Structures are given as structure tokens and as C-alpha cells.
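A.B. asks: Sharing a structure here in C-alpha cells format.
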Amino acid sequence: MSDITESIPTSFEELDLSDEILKAVKAMGFTQPSTVQARTIPVMMSGADINAIAPTGTGKTCAFGIPMLEYISLTDECVQEIVLAPTRELAIQIGEELTQLARFIKGARIAVLYGGQPIPKQLNQLKRKPQIIVATPGRLLDHMNRGNIRLNTVHTMVLDEADEMLNMGFVKDVTKIIEATPRDRQLVLFSATTNQDVLTIAWKYQTDPVEITVQATKKDRPQIDQYVIATEQPKKIDHLLYLLDADVYGRIMIFCNTKFMTDKLTSRLRKEGYDVDCLHGDIKQSQRNVVMQNFKKGKFPILIATDVAARGIDVDDVEAVINFDLPTENEYYLHRIGRTGRAQKNGVSFSLVTFQESVRMDEIMKYMIAKPISLHFDDSDVLCDAEEKPFFEHV
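Residue numbering for the sequence shown follows my numbering, starting at 71 and increasing by one per position.
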């Protein structure tokens, strides 16, 4: 793989973008490109294959979305560009952001395809002859097998969250999709981490890819204050209520490992008078879309979710993330807490950890660069720091 060492642009104007894109970027509230955007956009617009590693929440969608919109042919009715995402939620989010970027480009058409949505509804999107398709692998293959989509005219393909997508068992599906595109198409991989499957895809299907690695700096990955709270299983819900009753954080995401616990916790918090909703795999996709939109619009302040939503929700003002259960994979911890501290805002995360979970927490701490701060409840059940000072008195 090759690398780039040239100076990094500090403004969108330096990136030689069209007036339509510059106008859209300004309307979206962006004043200057993030590091991943500044480094990726020129390379991607040159046509090179890219293997990019960057932390979550650093603006990766604009990093690949802007070049895609800059070089689509508005008069060509064939599919020109594909974005693959591992989850329905992420596909929807990417589609929304690309739509915002394309708001001033007359004739730009984007389709979003994912499982759980009726095929006829998606066929209506395809009848509009979209130049860009955002899809989950399974649903895209379904449309290909039905003859609804041909990829022989694709010139750019992006795998977003490639590490997660391949970890989820989509290797064969992704391989089939890539092999249905022309051999000379541009292939761009975006990941938060790397793994053997990502490297294999890169080796097999990319040509002299440019490697772009963005470190987790303060600028690119806003500070998230991480806290670990020692607790006991019978007291977990009470200690969660303590955090919520403090009324310090306006918008909160709580993560559980199972659908059962998600439902149980949602029911309990509602009984306690909290305005809360939940997301997990057993909820119909149409209802999940409604819940996500309502949370993004601020119609309720607390969302409880399993990891199915960890990468699919992009809300700029989530103030706190609470791990009611510790994730089973180290990477999921990063994806969870990455729901806060976005758009260059500070965030906070709390992990409620029992003695039985302490070994799991130790493994996560070895994985993380920034180490969490330990908190505990004193004999009066007041949350305190190591110096026995009540936590919320000096937040």
C-alpha cells in the first residue's frame, strides 16, 4: 500500500469542490474539514483505491460522500456508485447525509436498500434510476438476484465500517458484490479497526491502495470522559436510576446486551416516569425507523438499545452513554461510547460493572487508549470519586 505525506487542506475551499457541495457543507454547519475528510477527499477524487482507518465519529460519510457526488454523471441513468453498510440503521443514516450533501445538485438521485423494508417500496426508488445506491449486503444481493440491479457500470464502491461488516459474516456476500462490478472500479474501504478479512479484501480487489490512518486525536475524536462504576447486580437498576435522577444529562443512550433486558429496563424506567423508548432486533424495521427519527428530533430523551443500533445512530447531541451491560466484544465498547462526543462536543460514558464483570472490564481497558476513571457508591449510596467526594457535586 502507498501512503500520502502532502500537506493537509484546512478549508473546504482548498479541496477544489463545486459550488453546490460548498453550499451544502455550509448549510450542514461544517466550517472546516475533519482530518479524515481533508486527507481522503483529494485522494478519492483522484480515482485511487483507499484503505482508511479512522475512529468513529470523525466525519467518514462526508469523506467518501463528497467525492462520490462530485463525479457522478447526472445524465447517466445507470448505477454509478455503491455504498455498502453493515446495518440497516447505518444505511439509512448514510442515505440521509448523502441527501443533505446533494440538496443543491439538481438531478442527483440516491436509493437506500435494506432488509425489513418491502421490496415494492424499494423498486419505486430504483425506477427513478439512482446514480448512487446505499445498501446492506444481503438486500443488495437480493435485488441483484431478482434482476433489479446490475453493477456492470459501477465506477466507485465504498465499504463503510468494513471491519464490522466482515466480522458479521458478510464476507461471501461482499465478495459476490465486488466481483459483479468492473475490475477497474475504484474500491474504498473505511474501518474503525483492521482485521484479516479487511486485509484480504484489500489484497484481492484493490490496486495499489492508498492507506490513510487517522489517529484518535482530540480534534478528530472529541473527548469522552469515561467512568466505571462499581456496583452489584441487585443494585444495578437502582444505581442506573441514580445517574438518571441526577438530571445532569439531557439526551442519553443506555446499552444492554439482550433484547430481554432492553425490554425489561424500558418497562421499569417508564414505570419510574421516564420518557424512554428502545431499539432491538425483534422490533419491526418500520417501528425502528420511527423510534430513531423521534430520538434524533428530541421527542424523548432516553434511548435503550442493543448493539444492533450502536453504529446506526448518528445524533450530534447525545450527552451521555451508559453501559448497563458490558459489551461482549472490545470493539463494541468503542462503538457504543462513540455515540456521544460527536460534532466536536464533549461527551461522557458510564459503565455499571459488577464484580463478575470486572475481568471483562479489564480486557476493555487494555483495548482502550484513554483509561476510564473509577467511581463507587459509599455506604449511604452516594456516588463518589476516589477521594470520597460526591461525583455530581463537582461535575
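All C-beta atoms in this analysis are idealised placements derived from N, C-alpha and C, irrespective of residue type, glycine included.
Quick caveat, the model's predicted, so the values are computed rather than measured.
(1) Return yes when the Cβ of residue 87 is within less than 9 Å of the Cβ of residue 120, no when it is not.
(2) By how many angstroms is the C-alpha of residue 339 removed from the C-alpha of residue 260?
(3) Within 8 Å, do at least three Cβ pairs link the region 131-150 to the region 217-237?
(4) Less than 9 Å separating the beta-carbons of residue 216 and residue 202?
(5) Quick one, which of 417, 152, 214 and 295 has its alpha-carbon nearest residue 387's?
(6) Give me the Cα-Cα distance between residue 421 and residue 396, rounded to the nearest whole angstrom.
(7) Does the distance from the CB of residue 230 to the CB of residue 105 come in under 9 Å?
(8) Looking at the unbroken beta strand (DSSP E) that takes in residue 365, where does it start and where does it end?
(9) Work out the CA separation of residue 278 and residue 253 for me, nearest whole Å.
(10) Who are the near neighbours of residue 185 in its chain, counting only those whose CB is closer than 7 Å to its CB and skipping five residues on each side?
(11) For residue 315, count the other beta carbons within 10 Å of its own beta carbon; 16 or more makes it buried, fewer makes it exposed. Which is it?
(12) Would you identify the three-state DSSP class for residue 460, choosing helix, strand or coil?
(13) Taking Cβ positions, are residue 107 and residue 356 nearer each other than 9 Å?
(14) Taking the C-alpha atoms as reference points, what is the distance between residue 262 and residue 129?
(15) I'd like the list of long-range same chain contacts for residue 204, defined as Cβ closer than 6 Å, with 5 residues on each side in sequence excluded.
(16) Three Cβ pairs or more, each shorter than 8 Å: is that satisfied between the region 297-312 and the region 355-375?
(17) Write down every uninterrupted run of the beta strand (DSSP E) in the region 270-304 whose length is 3 residues or greater and which is fully enclosed by it, in chain order.
(18) Kindly give me the distance between the Cβ atoms of residue 234 and residue 156, rounded to whole angstroms, as I take these residues to be in contact under 8 Å.
(19) So for residue 420, helix, strand or coil by DSSP?
(20) May I ask you to list the residues that DSSP assigns as paired with residue 228?
(21) In terms of residues, what are the limits of the alpha helix (DSSP H) holding residue 132?
(22) Which value, in whole angstroms, describes the spacing of the CA atoms of residue 274 and residue 423?
(23) Is residue 78 helix, strand or coil by DSSP?
(24) Rounding to the nearest angstrom, what Cα-Cα distance links residue 242 and residue 213 in this structure?
(25) Which ranges does the alpha helix (DSSP H) cover as unbroken runs of at least 4 residues, wholly within the region 188-231, from first to last along the chain?
(26) Kindly indicate which residue of 366, 245 and 103 has the alpha-carbon position closest to the one of residue 136.
C.D. replies: According to the structure shown:
(1) To locate residue 120, count along the sequence shown from 1; it is residue 50. To locate residue 87, count along the sequence shown from 1; it is residue 17. For residue 120 and residue 87, no; Cβs fall outside 9 Å.
(2) Reading the sequence shown from its first residue, position 190 is the one you call residue 260. Reading the sequence shown from its first residue, position 269 is the one you call residue 339. C-alpha separation (whole angstroms): 37 Å.
(3) yes
(4) Sequence index remark: in the sequence shown, residue 216 carries index 146 (1-based). Sequence index remark: in the sequence shown, residue 202 carries index 132 (1-based). Their beta carbons are not under 9 Å apart, which means residue 216 does not touch residue 202 by this criterion.
(5) Stepping through the sequence shown from its first residue, residue 387 is reached at position 317. When only C-alpha atoms are compared, the closest one is 417.
(6) Here residue 421 corresponds to residue number 351 of the sequence shown, with the count starting at 1. Here residue 396 corresponds to residue number 326 of the sequence shown, with the count starting at 1. Roughly 7 Å separates the two Cα atoms.
(7) Taking the sequence shown and counting its residues from 1, the one referred to as residue 230 is at position 160. Taking the sequence shown and counting its residues from 1, the one referred to as residue 105 is at position 35. No, these two residues do not count as a Cβ contact at 9 Å.
(8) To locate residue 365, count along the sequence shown from 1; it is residue 295. From DSSP, residue 365 is part of no beta strand (DSSP E) but of the alpha helix (DSSP H) over 355-366.
(9) Position 183 of the sequence shown holds residue 253. Position 208 of the sequence shown holds residue 278. When only Cα atoms are considered, residue 253 and residue 278 end up about 14 Å apart.
(10) What you label residue 185 is simply residue 115 of the sequence shown in a count that begins at 1. Closer than 7 Å at the Cβ level, and outside the excluded window around residue 185, lie 158, 206, 208 and 209.
(11) Against the sequence shown, residue 315 aligns to sequence position 245. Counting Cβ neighbours within 10 Å, residue 315 comes out exposed, since fewer than 16 surround it.
(12) The residue you call residue 460 lines up with position 390 of the sequence shown. Here residue 460 sits in strand by DSSP.
(13) As a working note, residue 107 is residue 37 in the sequence shown. As a working note, residue 356 is residue 286 in the sequence shown. Cβ distance not < 9 Å, so residue 107 and residue 356 don't count as in contact.
(14) Translated into the one-based positions of the sequence shown, residue 262 becomes position 192. Translated into the one-based positions of the sequence shown, residue 129 becomes position 59. C-alpha separation (whole angstroms): 12 Å.
(15) Stepping through the sequence shown from its first residue, residue 204 is reached at position 134. Result list for residue 204: 153, 161, 164, 165 and 182, in chain order.
(16) no
(17) 280-283 and 294-300
(18) For this step, residue 234 is matched to residue 164 along the sequence shown. For this step, residue 156 is matched to residue 86 along the sequence shown. Contact holds; Cβ gap of about 5 Å.
(19) By 1-based counting over the sequence shown, the position of residue 420 is 350. Three-state result, residue 420: strand.
(20) Taking the first residue of the sequence shown as position 1, residue 228 is located at position 158. 153 and 258, per the DSSP bridge assignment.
(21) Here the question's residue 132 lines up with position 62 in the sequence shown. Note, residue 132: alpha helix (DSSP H), 130-140.
(22) Residue mapping note: residue 274 aligns to position 204 of the sequence shown, counting from 1. Residue mapping note: residue 423 aligns to position 353 of the sequence shown, counting from 1. Rounded to whole angstroms, the separation of the alpha carbons of residue 423 and residue 274 is 42 Å.
(23) By 1-based counting over the sequence shown, the position of residue 78 is 8. The answer is coil: DSSP assigns residue 78 none of H, G, I, E or B.
(24) Numbered from 1 along the sequence shown, position 172 holds the residue referred to as residue 242. Numbered from 1 along the sequence shown, position 143 holds the residue referred to as residue 213. Taking the straight line from one Cα to the other gives about 16 Å.
(25) 189-197 and 207-216
(26) Numbered from 1 along the sequence shown, position 66 holds the residue referred to as residue 136. The residue with the shortest Cα to Cα distance from residue 136 is 103.
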